[in-house]
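Colleague: For the sequence shown, the residue numbers in our numbering are 44 to 404.
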Amino acid sequence: MKLANGCTKSHKDKNRAGSAFKAVLALCVCMALCGCGKKADNLKTAYEALSIMDYDGALAALSGAEQAGEDAREIARARGIAYMGKADYVSASQQFVTALHSGTGYPDSMDTDINFYLAAAYDSMGDYAAAEDRYNAIIAFSDDTESYLLRASARLKQGNFDGAVSDFNVVISRNPDDYDTLISIYEMLSAIGYRDAGLEYLRTALSEDTGKMTDSEKGRMYYYLGDYTQAANTLESARNADSSVTSSLFLGRAYEAMGEYNYAANVYESYIGTKGANSELYDQLGLCRLKMGMYEAALEAFKAGIEADDGTFAKSLEYNLAVAYEYTADFETAYELMKEYLAKYPDDADAARELQFLETR
């Protein structure tokens with residue numbers, strides 16, 4: 044059985060994508076409420092449904108919008124977002140293409156926005172060449188730095204390492220002191236099978252640091268380099284200085300990597316007790332407790348994380364909750380939860396295999 048966080052697979056990139064997804068939806072809702080006028084009542088309803096991940100409700104509202112003669116381009120775009128939420132990437136891509144073709148023929152900021160979504164849909168479908176083509180279009184229009192990073196990912200997935208490095212170099216040259224992005228480059232390279240190349244970026248950054256790097260950034264780099272003692276020492280200082288969830292998360296992970304699960308759990312619980320509920324830390328706490336054999340306590344952590352979550356970590360939490368029930372030998376509950384999970388995320392191959400196993404229990 045596989046867990047969906049720091050044990051056997053990482054969900055960080057998905058979570059970052061989810062955060063960006065929700066930020067765009069929040070902006071869409073604001074635009075709908077403030078600027079569309081009475082004619083766009085159905086569109087407003089759709090955007091509000093999207094903001095709470097009610098994708099079927101959004102699609103129903105968009106049918107009403109179409110019947111009412113509301114903005115066809117907005118309708119196609121919003122339908123694409125709804126289908127993305129339902130993991131129907133083919134339908135999503137078709138809607139985004141329709142939205143692009145509904146423009147004036149002259150590139151504008153809406154085209155850029157739609158192309159970002161379309162590229163994400165192609166990426167999820169495994170059509171990385173088509174995703175790269177969309178990032179090319181964005182770069183040609185706006186020379187957006189984030190697009191270079193995303194295009195690098197698409198290039199890596201096609202085996203174009205040199206092209207990806209060229210894009211990484213553009214990103215780094217424009218923001219040489221943006222160490223969070225540098226860490227993201229490592230995570231991207233590592234996830235696609237180029238961990239050694241990613242580690243070189245981290246080693247170079249640490250060796251060339253002129254004092255601009257924070258303890259949190261250093262600690263995370265040491266963690267990925269496998270120097271867990273140095274990572275823990277540096278992240279302890281970072282936690283005392285910035286009290287951030289990131290510092291506490293990686294501090295706990297460093298202690299877990301050293302086998303000090305009790306201390307790691309204490310780090311997560313201390314943050315939650317001081318700063319309040321945090322879904323990401325509840326998720327990591329649950330995973331830590333599973334390693335400790337504290338299965339009931341793990342269940343409670345995952346449940347608390349789901350209750351506190353705004354949608355960013357829902358996928359990981361829901362998967363891990365099902366697996367935790369499996370650890371307790373409650374196979375019936377695990378099976379039902381995994382079925383529900385796959386209904387939401389039908390493209391998760393690990394979950395499909397897990398469900399097949401649970402069917403035999």
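Glycine residues also receive a C-beta, built at the ideal position from the N, C-alpha and C atoms.
Just to confirm, is the Cβ distance from A89 to A104 under 8 angstroms?
Modeller: Sequence index remark: in the sequence shown, residue 89 carries index 46 (1-based). Sequence index remark: in the sequence shown, residue 104 carries index 61 (1-based). Yes, they are a contact pair.
Colleague: Run through DSSP, which three-state label would E251 get?
Modeller: In the sequence shown, the residue the question calls residue 251 occupies position 208. The answer is coil: DSSP assigns E251 none of H, G, I, E or B.
Colleague: Determine the burial state of G128: buried for a count of at least 16 other Cβ atoms within 10 Å of its Cβ, exposed for fewer.
Modeller: Within the sequence shown, residue 128 is the residue found at index 85, counting from 1. Classification for G128: buried.
Colleague: Spatial neighbours of R332 within its chain, please: CB distance less than 7 angstroms, with the 5 preceding and 5 following residues excluded, ordered by chain position.
Modeller: Position 289 of the sequence shown, counted from the start, is the residue given in the question as residue 332. Within the same chain, R332 has close Cβ partners A308, A340, A341 and A344.
Colleague: With a Cβ-Cβ cutoff of 8 angstroms, do Y271 and A240 count as a contact?
Modeller: Position 228 of the sequence shown, counting from 1, holds the residue named residue 271. Position 197 of the sequence shown, counting from 1, holds the residue named residue 240. Going by C-beta atoms, Y271 is not nearer than 8 angstroms to A240.
Colleague: Could you check whether D223 and E251 sit closer than 8 angstroms to each other, using their CB atoms as the reference points?
Modeller: Translated into positions along the sequence shown, residue 251 becomes position 208. Translated into positions along the sequence shown, residue 223 becomes position 180. No, Cβ-Cβ distance for E251 and D223 is not below 8 angstroms.
Colleague: So what's Y149 in DSSP terms, helix, strand or just coil?
Modeller: Residue numbering aside, residue 149 sits at position 106 when the sequence shown is read from its first letter. Three-state result, Y149: coil.
Colleague: When you compare the CB positions of L86 and I118, do they come within less than 8 angstroms of one another, or not?
Modeller: For the purposes of this step, residue 86 is taken as the residue at position 43 of the sequence shown. For the purposes of this step, residue 118 is taken as the residue at position 75 of the sequence shown. Yes, Cβ-Cβ distance for L86 and I118 is below 8 angstroms.
Colleague: In the structure shown, what three-state DSSP assignment does N212 receive?
Modeller: For the purposes of this step, residue 212 is taken as the residue at position 169 of the sequence shown. Three-state DSSP puts N212 in a helix.
Colleague: Please list, in chain order, all residues of the same chain as R177 whose beta carbon is under 6 angstroms from its beta carbon, the five residues on each side excluded.
Modeller: Here residue 177 is taken as the residue at index 134 of the sequence shown, counted from 1. Cβ within range, chain order: N158, L161 and A162.
Colleague: For S151, tell me which candidate among A121, V133 and S185 has the shortest Cα-Cα distance.
Modeller: Numbered from its first residue, the sequence shown carries residue 151 at position 108. The residue you asked about is not Ser; residue 151 is Asp in the sequence shown. The shortest C-alpha separation from D151 is found at S185.
Colleague: To the nearest angstrom, how far is it from the Cα of S291 to the Cα of K382?
Modeller: Residue mapping note: residue 291 aligns to position 248 of the sequence shown, counting from 1. Residue mapping note: residue 382 aligns to position 339 of the sequence shown, counting from 1. When rounded, the distance between both Cα atoms is 33 angstroms.
Colleague: Within 10 angstroms of the Cβ of N212, are there 16 or more other Cβ atoms? Answer buried if so, exposed if not.
Modeller: Against the sequence shown, residue 212 aligns to sequence position 169. Answer is exposed; the Cβ neighbour count stays below 16.
Colleague: For E397 and G146, I'd like the C-alpha separation in whole angstroms.
Modeller: As a first step, residue 397 must be located in the sequence shown, where it is residue number 354. As a first step, residue 146 must be located in the sequence shown, where it is residue number 103. Looking at the two C-alpha atoms, the distance is approximately 44 angstroms.
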